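*Asks:* One structure, as structure tokens, below. Some questions next.
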Amino acid sequence: MASLEVEICGVKFKNPVIGASGTVGFGREFNELYDLAEVGGISTKGMTIEPRLGNPVPRIAEGASVILNAVGLQNPGVEHFIKCDLPFLRDKGVVIIANVAGKTLEDYGVICAKLDGLVDMVELNISCPNVKAGGMAFGIRPESIKEVTAVSKNSLKKTPLIVKLSPNVESIAINAQAAEEGGADCISLVNTFTGMVIDIEKRKPIIANNTGGVSGAGIKPIAVRMVYEAAHAVKIPVIGMGGIMTGEDAIEFMMAGATAVQVGTANFADLYAMPRIIKEINLWLENHGINSVKEIIGTAYLN
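Okay, here's the thing in structure tokens:
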């Protein structure tokens, strides 16, 4: 078998497949189906300092080859995670990536300080609105990305920092550079696009929040393009995501420059998606005489 091991910021992954935030909870449910230790890592449900109930329902809608969600970061809060979920994940021997969010710069600093040294990596969700800056998401402008990254990095003395980039921007390359300048050890992308689905009988959006984050197979070509652009704009590692449904999809992202990938919406369509994708990556590597998955990273070049 080919070697699937990769390393990001000194953290070793047994394979490059990571459960994407918001699609695998804290891992317990999937561990009832297969040994969670089979996957490379888990990016937890997005956490805030205090528990959150999330947005009103309906929160989910379907489109062609995509789904839309507006869950609103429903979560039990970081203290509950540390007490109840972190011990479980540690016992599984899987790389633990804590996905975190906040309403203010101070929120990000506080939650990162609480998690420092307890998890393997922290991933910033910067698609959240900054309540002190008129509600504009932290991840829209390069200057705000750099600022929230710097605040978070200053609170992390032991744990590498991943910044998860929004695709709803003018230039993903410039925003990737802003995260790097702010002190990010790694970037991940893409987060969901903003979309809407309308019930034509009721003549109103299906989702109670009107708009939602678009994910799924339909966004993959755009996500691959953005990963390529970001990976070639920075010197830090990149984790790619966006519509990965198969091992071949994952390989495409890695050839675009990603060191690892996150699998999200596929987990809803196929509860065994991640172990299947891991096997498909290995089979493709074997069929092409490649000894290590690291050999394919960044090997795609423009015509």
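Each residue of the sequence shown is one higher than the one before, counting from 995 in my numbering. Where a beta carbon is used, it is the ideal one built from N, C-alpha and C, also for glycine. Since this is a predicted model, take the numbers as computed values, not measurements.
So residue 1171 is in the alpha helix (DSSP H); what residue range does that whole segment cover?
*Replies:* Start and end: 1166-1176.
*Asks:* Might you give, ordered along the chain, the residues of its own chain that have their beta carbon closer than 8 Å to the beta carbon of residue 1188, omitting 5 neighbours on each side?
*Replies:* Closer than 8 Å at Cβ, skipping near neighbours: 1162, 1205, 1206, 1207 and 1208.
*Asks:* Using the rule of at least 16 other Cβ atoms within 10 Å of the residue's Cβ for burial, across every protein chain shown, is residue 1281 buried or exposed?
*Replies:* Residue 1281 comes out exposed.
*Asks:* Determine, using beta carbons only, whether residue 1212 and residue 1060 come nearer to each other than 8 Å.
*Replies:* Yes.
*Asks:* Can you pull the DSSP bridge partners for residue 1117?
*Replies:* Answer is 1093 and 1156, bridged to residue 1117.
*Asks:* On the CB-based measure, 16 or more other CB atoms within 10 Å of its CB, does residue 1268 come out buried or exposed?
*Replies:* Burial call: buried.
*Asks:* With distances taken from CA atoms, which of 1045, 1099 and 1011 is nearest residue 1145?
*Replies:* When each option's Cα is compared against that of residue 1145, the closest is 1099.
*Asks:* Scan the region 1218-1272 and note each continuous alpha helix (DSSP H) run of 4 residues or more that stays entirely inside, going in chain order.
*Replies:* Here the runs fully enclosed are 1241-1249 and 1260-1263.
*Asks:* Checking 8 Å against the spacing of the C-beta atoms, do residue 1116 and residue 1092 come in under that value?
*Replies:* Contact flag set, yes.
*Asks:* Can you check DSSP and say which residues form a bridge with residue 1046?
*Replies:* Note: residue 1046 sits in a beta bridge opposite 1069.
*Asks:* Please report the Cβ distance between residue 1173 and residue 1159, rounded to the nearest whole angstrom; I am assuming they are in contact, meaning their Cβ atoms lie under 8 Å.
*Replies:* At roughly 7 Å, the Cβ-Cβ gap stays under 8 Å, so residue 1173 and residue 1159 are in contact.
*Asks:* Is the CB-CB distance between residue 1071 and residue 1036 below 8 Å?
*Replies:* No; because the gap between Cβ atoms is not below 8 Å, this pair is not in contact.
*Asks:* Under the DSSP definition of a beta bridge, which residues are partnered with residue 1006?
*Replies:* BP columns for residue 1006 point to 1001.
*Asks:* Tell me which residue opens and which closes the alpha helix (DSSP H) that residue 1055 is part of.
*Replies:* Looking at the DSSP string, residue 1055 is not in any alpha helix (DSSP H); the run it does join, the beta strand (DSSP E), is 1054-1057.
*Asks:* Identify which residue in 1297, 1288, 1293 and 1295 has its Cα closest to the Cα of residue 1007.
*Replies:* Closest by alpha carbon: 1288.
*Asks:* By how many angstroms is the C-alpha of residue 1113 removed from the C-alpha of residue 1107?
*Replies:* Cα to Cα, residue 1107 sits roughly 11 Å from residue 1113.
*Asks:* Let me know if residue 1047 comes out buried or exposed under the rule of 16 or more other beta-carbons within 10 Å of its beta-carbon.
*Replies:* So residue 1047 ends up on the exposed side.
*Asks:* When the distance is taken between beta carbons, is residue 1221 closer than 8 Å to residue 1252?
*Replies:* Yes, they are a contact pair.
*Asks:* Around the Cβ of residue 1293, are there at least 16 other Cβ atoms within 10 angstroms (buried) or fewer (exposed)?
*Replies:* Exposed, because fewer than 16 other Cβ atoms sit within 10 Å of the Cβ of residue 1293.
*Asks:* With distance defined between alpha-carbon atoms, name the residue in 1025, 1001, 1152 and 1014 nearest to residue 1086.
*Replies:* Here the closest residue by C-alpha is 1025.
*Asks:* Could you check if residue 1237 is buried or exposed, using at least 16 other CB atoms within 10 Å of its CB as the buried criterion?
*Replies:* Buried, because 16 or more other Cβ atoms sit within 10 Å of the Cβ of residue 1237.
*Asks:* Measuring straight from C-alpha to C-alpha, what distance separates residue 1203 and residue 1005?
*Replies:* Computed Cα separation, rounded: 38 Å.
*Asks:* Using the Cα positions of residue 1118 and residue 1178, report the straight-line distance between them to the nearest angstrom.
*Replies:* Going from the Cα of residue 1118 to the Cα of residue 1178 covers about 10 Å.
*Asks:* With 16 other CB atoms within 10 Å as the buried threshold, where does residue 1260 fall?
*Replies:* Its Cβ being crowded by 16 or more others within 10 Å, residue 1260 is buried.
*Asks:* Which stretch, first to last residue, makes up the alpha helix (DSSP H) that contains residue 1060?
*Replies:* No alpha helix (DSSP H) holds residue 1060; the beta strand (DSSP E) holding it covers 1060-1063.
*Asks:* Can you tell me whether residue 1198 is helix, strand or coil according to DSSP?
*Replies:* Three-state DSSP puts residue 1198 in a strand.
*Asks:* With 16 other CB atoms within 10 Å as the buried threshold, where does residue 1255 fall?
*Replies:* Residue 1255 should be labelled buried.
*Asks:* Go through its chain and collect everything with a Cβ distance to residue 1088's Cβ below 8 Å, but skip five positions before and after it.
*Replies:* If we look at residue 1088 and ignore the five residues flanking it on each side, its Cβ neighbours are 1021, 1030, 1031, 1033, 1034, 1035 and 1036.
*Asks:* The beta strand (DSSP E) with residue 1207 in it runs from where to where?
*Replies:* Element bounds for residue 1207: 1206-1209.
*Asks:* From this set, 1270, 1277, 1274 and 1275, which residue's C-alpha is nearest residue 1028's C-alpha?
*Replies:* The residue with the shortest Cα to Cα distance from residue 1028 is 1270.
*Asks:* Could you tell me which residues DSSP puts in a beta bridge with residue 1286?
*Replies:* DSSP lists 997 as partners of residue 1286.
*Asks:* What's the C-alpha gap between residue 1079 and residue 1165?
*Replies:* If you take the alpha carbons of residue 1079 and residue 1165, they lie about 36 Å apart.
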